[in-house]
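Taking full-length UniProt numbering, the leading residue of the sequence shown gets 1, the next gets one more, and so forth. Each residue gets a CB set at the ideal place from its N, CA and C atoms; glycine is no exception.
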Amino acid sequence: MDGSDDYMMENDEDEEITQEDAWAVISAYFEEKGLVRQQLDSFDEFIQNTMQEIVDESADIEIRPESQHNPGRQSDFLETIYKISFGQIYLSRPMMTESDGETATLFPKAARSMAENQNRPASSMFVRMLSRTSAKGGSSGQYIRATLPYIRADIPIIIVFRALGFVADKDILEHICYDFSDTQMMELLRPSLEEAFVIQNQQVALDYIGKRGSTVGVTKEKRIKYAKEILQKEMLPHVGVGEYCETKKHITFGYIIHRLLLCALGRRPEDDRDHYGNKRLDLAVSVVICFWYDKWQCVDNGKDVNLQFAIKAKTITSGLKYSLATGNWGQANQAGTRAGVSQVLNRLTYASTLSHLRRLNSPIGREGKLAKPRQLHNSHWG
1 MDGSDDYMME
11 NDEDEEITQE
21 DAWAVISAYF
31 EEKGLVRQQL
41 DSFDEFIQNT
51 MQEIVDESAD
61 IEIRPESQHN
71 PGRQSDFLET
81 IYKISFGQIY
91 LSRPMMTESD
101 GETATLFPKA
111 ARSMAENQNR
121 PASSMFVRML
131 SRTSAKGGSS
141 GQYIRATLPY
151 IRADIPIIIV
161 FRALGFVADK
171 DILEHICYDF
181 SDTQMMELLR
191 PSLEEAFVIQ
201 NQQVALDYIG
211 KRGSTVGVTK
221 EKRIKYAKEI
231 LQKEMLPHVG
241 VGEYCETKKH
251 ITFGYIIHRL
261 LLCALGRRPE
271 DDRDHYGNKR
281 LDLAVSVVIC
291 FWYDKWQCVD
301 NGKDVNLQFA
311 IKAKTITSGL
321 KYSLATGNWG
331 QANQAGTRAG
341 VSQVLNRLTY
351 ASTLSHLRRL
361 NSPIGREGKL
371 AKPRQLHNSH
381 WG
């Protein structure tokens, strides 16, 4: 590479990215991915992996014939146990039933030609998306405390760090304040350090959290075990729920507090709760997994075993058709049933179809008086 090439590369690096360049990248992204790729990828993940995982987790079905007692006859009953296990599932090709009752394979061209608009978006599936927002840290006066699941009281953040296995103040501060010369941020952390000064051991920190759990009157060993399970499985579960995820959670927890302090110091604005990027979405796979698991229990959990009716092939198919037709997902007459999950796709105009596919439903009550969650945010495409 000669000097002219180096000069051209330096000029390319120094050029400022214009708004036209940004829109060119955005257009290229949506041209490849589309506006509903998150729904399609979610459903593909369920079909390719999650459905088989649910089947693999189900236990074998054991059938034990009962001995038949016939008066006057000697019983020669030999106990035999029959086991039914579920293996690799198979997804058949799409089929359609003609008006004369004949069944034929449904090809993409035939599906597109059935009174459909050729210019419609590349997805004809709409699943209600539920948004969830969460905040792990908060400030109370000069102290910073965190709210942990299934713990009655707020826990000082330094105690949470020490319960995760990071005891030294320097190790904790390195993951919260990335620059020790930042005196303003260090001063904000000083009260929290002084508050947790009496707890300098991981076991003591775990016991401190366990005492404020839902279990009352148990031994110290059980309190520590309970606190470990809360930190391992309930705190930041998206980071990991394994036995060796403490370091990842330590880094993530410190980053959350760092952003909180930046906001408190006025160096960055508050996060917009209505921004599309700050929402946790229940996509297609979330609602379908719950449905599939409930219906699968109906398949392998029966009363009296009858080999002819033990496995009803239409249980899942009929339930899926009913849920898609009515929009009610979940077991009938049971708590947790959600309405309006599936809806008839709006095909009035191309823009209305895109808007319907990208629509977001926030779980806010009717009695709520906040206007911003009900308004269309600029980050929404639809």
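Practice problem: Check the DSSP bridge columns for Ser192 and list the partner residues they point to. | Solution: Note: Ser192 sits in no beta bridge, so no partner.
Exercise. Check the Cβ-Cβ distances between Glu234 and every residue of chain D, and say whether any is below 8 angstroms.
Key: Note that chain D does not occur in the displayed structure, where there is just one protein chain.
Quiz item: Taking the alpha carbon of Ile81 as the point to measure from, which residue in Glu66, Ile89 and Glu229 has its own alpha carbon closest?
Solution: Glu66
Quiz prompt | Own chain, CB closer than 8 angstroms to His380, minus 5 neighbours either side, in chain order | solution = Tyr276, Arg358 and Leu360
Quiz item: Around the Cβ of Trp292, are there at least 16 other Cβ atoms within 10 angstroms (buried) or fewer (exposed)?
Solution: buried
Self-check item: Outcome for Met185 when other beta-carbon atoms lying within 10 angstroms are tallied against a minimum of 16
Solution: buried
Quiz prompt | 6 angstroms Cβ shell around Leu236 - same chain, five flanking residues per side excluded | solution = Lys249 and Thr252
Practice problem: Would you kindly check if the distance between the Cβ of Ile224 and the Cβ of Leu148 is under 8 angstroms? | Solution: no
Quiz item: Going by beta carbon distance, what residues of the same chain come within less than 7 angstroms of Leu206, once the five residues before and after it are set aside?
Solution: Ala163, Ile224, Ala227 and Lys228
Quiz prompt | Chain-order list of residues whose beta-carbon lies under 6 angstroms from that of Ala196 (same chain, five-residue window excluded) | solution = Pro156, Ile158 and Ile159
Quiz item: Can you tell which of Arg93, Asp100 and Thr349 has its C-alpha closest to the C-alpha of Phe107?
Solution: Arg93
Exercise. Starting from the C-beta of Glu15, find all residues in its chain whose C-beta is less than 6 angstroms away, skip the five residues before and the five after it, and write them out in chain order.
Key: none
Practice problem: List in chain order: all unbroken beta strand (DSSP E) runs of 3+ residues lying wholly within the UniProt domain "RNA polymerase beta subunit protrusion" (34-113). | Solution: 61-63, 82-84, 95-97 and 103-105
Quiz item: Out of curiosity, what's the CA-to-CA distance linking Tyr29 and Gln19?
Solution: 15 angstroms
Practice problem: Let me know if Ser42 comes out buried or exposed under the rule of 16 or more other beta-carbons within 10 Å of its beta-carbon. | Solution: buried
Self-check item: Closest by C-alpha distance to Glu62, when choosing among Ile84, Gln52 and Val55
Solution: Ile84
Quiz prompt | Minimum C-alpha distance to Arg152 - residue among Glu98, Phe161, Ala110 and Tyr208 | solution = Tyr208
Quiz item: How long is the line joining the alpha carbons of Thr353 and Tyr178, rounded to whole angstroms?
Solution: 46 angstroms
Quiz item: Can you tell me whether Ser134 is buried or exposed, with buried defined as 16 or more other CB within 10 angstroms of its CB?
Solution: Only weak support is given to the placement of Ser134: the predicted model assigns it a pLDDT of 35, under 50, and the question is left unresolved by the model.
Exercise. Could you tell me the distance, in whole angstroms, from the CA atom of Tyr350 to the CA atom of Phe46?
Key: 28 angstroms
Quiz item: What did DSSP end up calling residue 387 once you bin it into helix, strand or coil?
Solution: The requested residue 387 is not part of the displayed model; the chain covers only 1 to 382.
Practice problem: Evaluate Asp21 with the Cβ neighbour count: other Cβ atoms within 10 Å of its Cβ, from every protein chain shown; 16 or more gives buried, anything less gives exposed. | Solution: exposed
Quiz item: What three-state label does DSSP hand Arg374 in the structure shown?
Solution: helix
Quiz item: Do you know how far the Cα of Tyr150 is from the Cα of Ile256?
Solution: 20 angstroms
Exercise. Can you tell me which of Met95, Thr50, Glu98 and Gly87 puts its alpha carbon nearest to the alpha carbon of Ala59?
Key: Gly87
Exercise. Could you pull the start and end residues of the beta strand (DSSP E) that Tyr143 belongs to?
Key: Tyr143 to Ala146
Quiz item: Just to confirm, are residue 383 and Gln200 a CB contact at a threshold of 8 angstroms?
Solution: Because the chain spans 1 through 382 in this model, residue 383 falls outside it and cannot be assessed.
Self-check item: Cα-Cα separation between Ser355 and Leu261, rounded to whole angstroms
Solution: 37 angstroms
Exercise. Would you give the residue range spanned by the alpha helix (DSSP H) that residue 385 belongs to?
Key: This structure does not reach residue 385, given that the chain is present from 1 up to 382, and the question cannot be answered.
Practice problem: Report the option in Ile172, Asn49 and Ala371 whose CA atom is closest to the CA atom of Asp274. | Solution: Ala371
Quiz item: Three-state secondary structure (DSSP) at Leu281?
Solution: strand
Quiz item: With Thr105 and Thr97 assumed to form a contact (beta carbons below 8 angstroms), what rounded beta-carbon distance in angstroms separates them?
Solution: Wrong, their Cβ atoms sit about 12 angstroms apart, outside the cutoff.
Quiz item: Under 8 angstroms, do Ser192 and Tyr143 count as touching if we go by C-beta distance?
Solution: yes
Quiz item: Since Gly165 and Gln202 are thought to touch, with beta carbons under 8 angstroms apart, how far apart are those beta carbons, to the nearest angstrom?
Solution: 6 angstroms
Practice problem: List the DSSP bridge partners of Arg338. | Solution: Trp329
Quiz item: Leaving out the 5 sequence neighbours to the left and right, which residues in its chain are closer than 7 angstroms to Gly254 when beta-carbon positions are compared?
Solution: His175 and Ile176
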